Every structure is written in structure tokens, then in C-alpha cells.
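Below: the structure, in C-alpha cells.
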Amino acid sequence: MARPRIIPALLVKDGALVKTVRFRNPSYVGDPMNAVKIFNEKQADELVVLDITATLQGRPPDFDFLSQLTSECFMPLCYGGGVGSLKVIEDLLALGIEKVSINSAACDRPDFLASACREFGSSTIVASIDVGRDFWGRLKSYSRGGRKAAGPALEAAQRAADVGAGELLLTSIERDGTGRGYDLDLVGAVATAVPVPVIACGGAGSLEHCRQALQRGASAVAAGSLFVYYGPNRAVLINYPDEQQIAALAPRP
Amino acid sequence: MSTSPVEVAIASYGMGNLGSIVNMIRKLGHRSRLCTTPGEIAEATKLILPGVGHFGRGMENLQRAGLVPALNQKVLGEKVPVLGICLGMQLMAQSSEEGGDIRGLGWIDAAFVRFRPERAAHRIAVPHMGWNDITLRKPSRLFEGSGPNPRFYFVHSYHAECGSPEDVLAETEHGYRIVAAYERDNVFGVQFHPEKSHRFGLALMKNFIESC
Chain E
9 MARPRIIPAL
19 LVKDGALVKT
29 VRFRNPSYVG
39 DPMNAVKIFN
49 EKQADELVVL
59 DITATLQGRP
69 PDFDFLSQLT
79 SECFMPLCYG
89 GGVGSLKVIE
99 DLLALGIEKV
109 SINSAACDRP
119 DFLASACREF
129 GSSTIVASID
139 VGRDFWGRLK
149 SYSRGGRKAA
159 GPALEAAQRA
169 ADVGAGELLL
179 TSIERDGTGR
189 GYDLDLVGAV
199 ATAVPVPVIA
209 CGGAGSLEHC
219 RQALQRGASA
229 VAAGSLFVYY
239 GPNRAVLINY
249 PDEQQIAALA
259 PRP
Chain Z
8 MSTSPVEVAI
18 ASYGMGNLGS
28 IVNMIRKLGH
38 RSRLCTTPGE
48 IAEATKLILP
58 GVGHFGRGME
68 NLQRAGLVPA
78 LNQKVLGEKV
88 PVLGICLGMQ
98 LMAQSSEEGG
108 DIRGLGWIDA
118 AFVRFRPERA
128 AHRIAVPHMG
138 WNDITLRKPS
148 RLFEGSGPNP
158 RFYFVHSYHA
168 ECGSPEDVLA
178 ETEHGYRIVA
188 AYERDNVFGV
198 QFHPEKSHRF
208 GLALMKNFIE
218 SC
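Those protein sequence lines, which keep their order, are chains E and Z. Position in the first sequence (first residue = 1) + 8 = my numbering. Position in the second sequence (first residue = 1) + 7 = my numbering.
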């Protein structure tokens, strides 16, 4: 059985580590460098770091910050936020970042995602799809940090896979930061619809939630709150499952 | 086991971010020095040849910086232990399909070829990217105490074909079996990234610095 991929997803705002609830109200968690050092100790196999204000502020990624971050990071890193041009991707890869996640720019300019995949290879490009429900309860993809509806979610996922995205980072906006568990119907629907690995994100409150998403076809699970908070009062405590706990999450036939 | 700090010379020739290598060495309690000139290489007692990117450009950068004769003197003349990482491992070979007519350093009898999807038992992605278990093919101080199934993080589109099978130190699978590491005398090359492979990488780096 392949080893399940369990990925801490860290949100960054103005150089600080934050955590949102339903993409809103970012609360301060700590220093991202310190978090990365702890995940080194805990032997996380990969990290996702998302700058949640780069696109909204219309600016490119903070390269100085990321250069420090990758230097501290003894594991592969996927970065997203403000990735709007091929030049930006090239500069991110030169810093030692392994994968680049694209969301808003792919929604605004579908060709951009395709050219990024052509230029840098599928295994470098992750399509990030933030999913919410519209007034009629239909699943839609959103760009700009959940602020702008972009179209039916399943179509966005299929289109991203068609143009060559190597993985999909699939985030449920309404589950984000709630600890209520992943949107398993969403995970199942997308994992069935696309041939590429799906990383489920949004809602994990326990390792049991992770196991459920993997069982429903997610190739990997990403989580924020689960790995930065501890206990009912959400005390900040960076944590990560050990080898045995990870092995126990593998889906059963 | 030696505990006094060792200074590791890292060849710096403009192919990628060396920050995580520097930090990993520091975490192990040793020192590193980024070497951009032949004079700095000449002082090395332990050498890392890192790098990510294009084989031809890597060799051109080494040549333009005048580092090739200094590296040859260190590695072939003085037998200083050297660890090639990813592109650095590839440059230790004689050639690569990525480099065309540009010759490698030629320390190891190997040629790098692009992954051949038609050889694979199933559909494979190129570049090969991800964590893989490796299998050791001979005992080595580089992997001492690393347990039966060390895992490492790989990112590469080309892999080695060794002219001398006894040089193959470790293998892994990506569609078919490929060389993950080679070793000949004082020359060690790893296709994966120890600096991105947390505890497995730390163990390997510690072995290289303290025992090789």
C-alpha cells in the first residue's frame, strides 16, 4: 500500500502565519520560519505554503521571505499566491521551491495554466480549486481567495487536468477552519472525475477525517488547523502524525 | 565518532538555491563555505557539488568560473571526498543526453539518458518527482545506520546508465529500475535531494561529513 501523503497547509499574510475560518478572519498563529523548523523535526514529507493576500493586493510573491523559507525547509515545498506569470514561476523554482500552485490566474486566463504546464512540466504545476456553493447550492469554483465565482467546480477541475496540471489542490471554502471534516462528496466527485491526484483540503479536525478523505479517493490530504492547533480551545501547537499514525490512514480495499 | 566541526566546501556556480544544504550542514553542527573561485576549492577537505537545472548550462558555468581544473585536482589528485547532488551527480558522469556534445567531469563511467516511458511497465510522469524508497546494492559508509528502507525526495528527468555496474550504490523504481546513487573511491553521487529528505537526508549528510 502506498504511503498516504499528509500535508500541512500553511497560510501566510504579511509574513505571519495565520489561520482562517471559511477563508475569512485570519487569526495570528505564529512565525512561519519557526513552524517550518518544527515540521522539519516532525518529518513532514511536504508542505504547502499559501500567501493569502498576494493576489488581493495585486502583487507578486514575496521572494525574500520565500528564499528564507525554502532555506529552512528540509522537505519539498509547494507555494501558491500571486502566481500570475511564467516569469514568477521561473523565479519561484530558482529559489528551490518544488511546486507552484495557480488559482486566480488560471480562472481569469485559462491559457495561462496550460502554458505553465507546458513550460515547467505537469509535476511542477498544481491547480488550486477553491470550491463553494452558490445561492442554489451548486458547487462553484472561486478565485481571489473565495471572493469571485468562476464557474462550475467539476468543470474547472476537469479543465485543469486536461491542460496538464499535475495535481489538484481542492479546498472546500465552507469547511475551511471549521474542523467538521472534509467535504467528502466533493472529494469523491472530483477524484472520480479527473485522472490526476487530488489533494483534499478544508475541514480536517482529526486524523479520522484524513482517513475518510483518502478512502474517498483523495491521493493526499492537506490541513491547516489540524496541524497548528491543539485541543478544544485551539491553543497553538504545531503537530504532525508519526509514522504509525500515517500508515494507519491508508485506505482499505 | 568525530564531533569537532568540519568545514564543507560547496561549489557555487549559479545552479539553484543552496540555502537548504547550508542549513542542513549547520543543523548537524558543521560549517559550510560557498566556493565560487578555484582558490576557494583548493582549500577544500570535503566537497559538495550541488545543483539543479540543465546539464549543459551547469558544465558551462563550472568552466566559465574556472572551477573544473581545481575540482579535478581535488577529486582525482588529492582524493578529497565529494558528494554530487542531483545535477551535481550528473556532472560527475561523462555525458548526458541533455548536454549534447558538452562533456561532463568524467569522474564516473556513466552517461545520463532521459527517462524512456516506453521502457516503463506503466505510464510514468517525467520529470520523476516525489518520495521513493531506495535499495542499496553494496555496503557504504554513506548509508550507514540508515535502516532497511530509507526514503528520499527525487526531482529529475534524466537518469544514469553506469558503464561499471560495481559503481552502482543504490537503486529505485520509476517505471523501471534506475540508479539512485553511485560511489567509486572518494566520489559519491546521489540523484535525490538529501537536503529535502528530512531525517533520511540528515543521516546521509552526517555520514558523508563525518564518516566518508
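Glycine residues also receive a C-beta, built at the ideal position from the N, C-alpha and C atoms. Computed from a prediction, not measured in an experiment: that's the story for all the values here.
By the neighbour-count criterion, in which 16 or more other beta carbons inside 10 Å mark a residue as buried, E127 of chain E falls on the exposed side. When the alpha-carbon of D138 of chain E is set against those of E:K107, E:Q166 and E:L177, the nearest one is in E:L177. With a cutoff of 7 Å on beta-carbon distance, I141 of chain Z and A100 of chain Z are scored as not near each other.
Note that the C-beta distance between P57 of chain Z and I32 of chain Z is not below 7 Å. For N139 of chain Z and E180 of chain Z, the gap between their C-alpha atoms comes out near 8 Å.
At least one CB of chain Z lies nearer than 7 Å to the CB of L103 of chain E. Here L98 of chain Z carries a helix assignment [DSSP, helix/strand/coil]. For a Cβ distance threshold of 7 Å, residue set F82 of chain E lies close to E202 of chain Z, ordered along the chain. A18 of chain Z sits buried, since 16 or more C-beta atoms from the chains shown fall within 10 Å of its C-beta. In this chain, the beta strand (DSSP E) harbouring T179 of chain E covers E175 to S180. In this structure, I115 of chain Z places its C-beta atom within 7 Å of the C-beta atom of R191 of chain Z. For S136 of chain E, there are no C-beta contacts with chain Z under 7 Å, since the nearest C-beta of that chain is about 18 Å from it.
The Cβ atoms of S149 of chain E and A161 of chain E sit closer than 7 Å to each other. Taking every protein chain shown into account, the CB of R167 of chain E has 16 or more other CB atoms within 10 angstroms, so this residue is buried. In this structure, V89 of chain Z and F195 of chain Z form a Cβ contact; the two beta carbons are roughly 7 Å apart against a cut-off of 8 Å.
Setting aside the 5 residues that flank it on each side, F82 of chain E is surrounded in the same chain by N48, each with a C-beta closer than 7 Å to its C-beta; the list follows chain order. Counting along the chain, C209 of chain E sits inside the beta strand (DSSP E) bounded by residues V206 to C209. Looking at the DSSP output, P16 of chain E sits in a beta bridge with E:A231.
The CB of A132 of chain Z comes closer than 9 Å to the CB of G129, S130, S131 and G174 in chain E, given here in chain order. Taking each of E:A226, E:R13, E:A243 and E:D191 in turn and checking the Cα distance to K27 of chain E, the smallest one comes out for E:A243. Residues L94, I97, I110 and I133 of the same chain have their beta carbon placed closer than 7 Å to that of A124 of chain E, with the five preceding and five following residues left out of the count. Considering only beta carbons, the part of the segment 38 to 67 of chain E lying closer than 7 Å to chain Z consists of N48, Q51 and D53, in chain order. Here Y190 of chain E is not near A52 of chain E, since their CB atoms are 7 Å or more apart.
Here T78 of chain E carries a helix assignment [DSSP, helix/strand/coil]. Taking 9 Å as the cut-off between beta carbons, the residues of the segment 155 to 186 of chain E near chain Z are G174, in sequence order. V57 of chain E places its beta carbon 7 Å or farther from that of L121 of chain E. If you draw a straight line from the Cα of A230 of chain E to the Cα of L215 of chain E, it is about 11 Å long.
Against chain E, a Cβ distance below 8 Å from S27 of chain Z picks out T78, S79, E80, C81, F82 and G104. Contact residues of the segment 181 to 206 of chain Z toward chain E are E202, K203, H205 and R206 (C-beta to C-beta distance below 7 Å). Going by beta carbons, G129 of chain E and P134 of chain Z fall inside the 7 Å limit.
Rounded to whole angstroms, the separation of the alpha carbons of L149 of chain Z and E47 of chain Z is 25 Å.
If you ignore the 5 residues before and after R219 of chain E, its C-beta comes within less than 6 Å of the C-beta of L257, all in its own chain and listed in chain order. Looking at the DSSP output, R141 of chain E shares a beta bridge with E:L147. Going by C-alpha positions, V20 of chain E is about 36 Å away from V13 of chain Z. DSSP places R38 of chain Z in the uninterrupted beta strand (DSSP E) bounded by R38 to C42. Apart from the 5 residues on each side of it in sequence, R13 of chain E sits with its Cβ closer than 6 Å to the Cβ of A228 in its chain, given in chain order.
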